[in-house]
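First up is the structure itself, then whatever we jot down about it.
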Amino acid sequence: MCASQKVGIIAGGGDLPARLGEALSHQGYEPVIGRLGADFSVGQAGKIISFFKSQHVSRLVLVGSLSRPNWWTVRADFRGLKIISKLILKSVGDDALLKVIRRELESEGFEICGVHEFMPELLCPAGVLGSFQPDKNAEQAIVHGIRAAKQHGQDDLGQAVVVDARSGKVIAKETCSGTDALIRSVRESDVPKILVKMSKPQQDMALDMPTIGTRTIEEARKSGFIGIVAEAGATLVPEQDKIIDLCNRYEIFFKGVSADDI
0 MCASQKVGII AGGGDLPARL GEALSHQGYE PVIGRLGADF SVGQAGKIIS
50 FFKSQHVSRL VLVGSLSRPN WWTVRADFRG LKIISKLILK SVGDDALLKV
100 IRRELESEGF EICGVHEFMP ELLCPAGVLG SFQPDKNAEQ AIVHGIRAAK
150 QHGQDDLGQA VVVDARSGKV IAKETCSGTD ALIRSVRESD VPKILVKMSK
200 PQQDMALDMP TIGTRTIEEA RKSGFIGIVA EAGATLVPEQ DKIIDLCNRY
250 EIFFKGVSAD DI
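Under numbering that gives the first Met the number 0, the sequence shown has 42 at position 43, and the numbering climbs by one with no breaks.
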């Protein structure tokens, strides 16, 4: 850990950036927050860099919800336009996009940190959370789901898949629309379903760790899911107590697993 006591927060949506700020203050750091959409747009790379440099920040955390922007219409400065032109020409996936962002920030001397480095309690633990357990068929289906999700991630197409809890057959795979859209896409299917969400093998865990929130549980209930599986130690579960309560209420099991479980 470097000597500087200032930590910059590039804040997306939701309450997690504010929670991180509180956690940093309790740990003796001085949080410096720059809000995407309020203080600057995602395309204003020069302004973002200048702001944090002016505050003598050496470490940055990107945290909070952020939708992939329309690069053709996003508000951008000169440096941002240079980056965007590369992204448009290459039509890159999410992982390649994040590599570009990391490279730009690190070239200016910033150290990129993950929110879990300051709030490890947000990481999904191993084992079953809540009162409901997967049965034998579901456990076998989970193994199929882990393999499928890892392969899907290897192709930089998404982090999650939906499997049939009885057979393990993959019903749907995540696209750039995200996990909640994936869940909604199988709402009409009447088979018992399990969501399996794993990190991509090449994932930048500081910039884009998989996350499961309460909205995902609500969508799962509406779509007839019996279980949700996340990668232990590699998935953020920012509202763990609320998620356990919802899973218990809706009779959905929630299990933290490792890729080694296959």
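Positions of the beta carbon are idealized from the N, C-alpha and C atoms, including for glycine.
For the candidate residues Glu217, Leu23, Ile47 and Lys5, whose alpha-carbon lies nearest to that of alanine 116?
-> Sequence inspection shows glutamate at residue 116; the alanine mentioned does not correspond to that position. Of the candidates Glu217, Leu23, Ile47 and Lys5, the one whose C-alpha sits nearest the C-alpha of glutamate 116 is Leu23.
Give the DSSP bridge partners of arginine 34, in chain order.
-> Ala10
Have a look at the DSSP bridge pairing and note the partners of threonine 210.
-> Leu235
Taking alanine 148 as part of the alpha helix (DSSP H), name the residues at either end of that continuous run.
-> 135-153
Local Cβ density within 10 Å of aspartate 207, reported as buried at 16 or more and exposed below that | buried
Tell me, to the nearest whole angstrom, how far the beta carbon of glycine 12 is from that of glycine 63; I am working on the premise that it is less than 8 Å.
-> 5 Å
With DSSP run on the structure shown, which of helix, strand or coil describes phenylalanine 50?
-> helix
In whole angstroms, what separates the C-alpha of leucine 104 from that of aspartate 76?
-> 15 Å
Serine 40 vs valine 6 beta-carbon contact at 8 Å | no
When you compare each of Asn136, Glu107, Tyr249 and Ser198 to threonine 235 by their alpha carbons, which one comes out closest?
-> The question names threonine, yet the displayed sequence has leucine at residue 235. The shortest C-alpha separation from leucine 235 is found at Ser198.
Limits of the unbroken beta strand (DSSP E) element including glycine 177 = Per DSSP, glycine 177 is not a residue of any beta strand (DSSP E), being assigned neither H nor E.
Residues bridged to cysteine 123 [DSSP beta-bridge criterion] | Looking at the DSSP assignment, cysteine 123 forms no beta bridge with any residue, so it has no partner.
Backbone CA spacing between glycine 79 and leucine 156 [nearest angstrom] = 25 Å
Straight-line gap, valine 31 to glutamine 201 (C-alpha atoms, nearest Å) = 29 Å
So, helix, strand or coil for lysine 98, using DSSP?
-> helix
Validate contact between the stretch 176-189 and the stretch 126-139 using beta carbons, cut 8 Å, 3 pairs | no
Would DSSP call aspartate 163 helix, strand or coil?
-> strand
Is the stretch 117-128 touching the stretch 170-178, taking contact as three or more C-beta pairs under 8 Å?
-> no
Assigned secondary structure, glycine 129 (DSSP; H/G/I helix, E/B strand, else coil) = coil
Using the Cα positions of phenylalanine 131 and glutamate 110, report the straight-line distance between them to the nearest angstrom.
-> 41 Å
Is the distance from the Cβ of arginine 165 to the Cβ of valine 195 below 8 Å?
-> no
Using the C-alpha atoms, what's the distance from aspartate 240 back to alanine 17?
-> Cα-Cα distance, rounded: 18 Å.
Label serine 106 either buried or exposed according to how many other C-beta atoms from any shown protein chain fall within 10 Å of its C-beta, with 16 as the threshold for buried.
-> exposed
Through-space distance from aspartate 134 to phenylalanine 253, alpha-carbon basis | 12 Å
Are the beta-carbon atoms of leucine 181 and valine 161 separated by less than 8 Å?
-> yes
On the premise that glutamine 158 lies in contact with proline 209, defined as a C-beta separation below 8 Å, what is that separation, rounded to the nearest angstrom?
-> 5 Å
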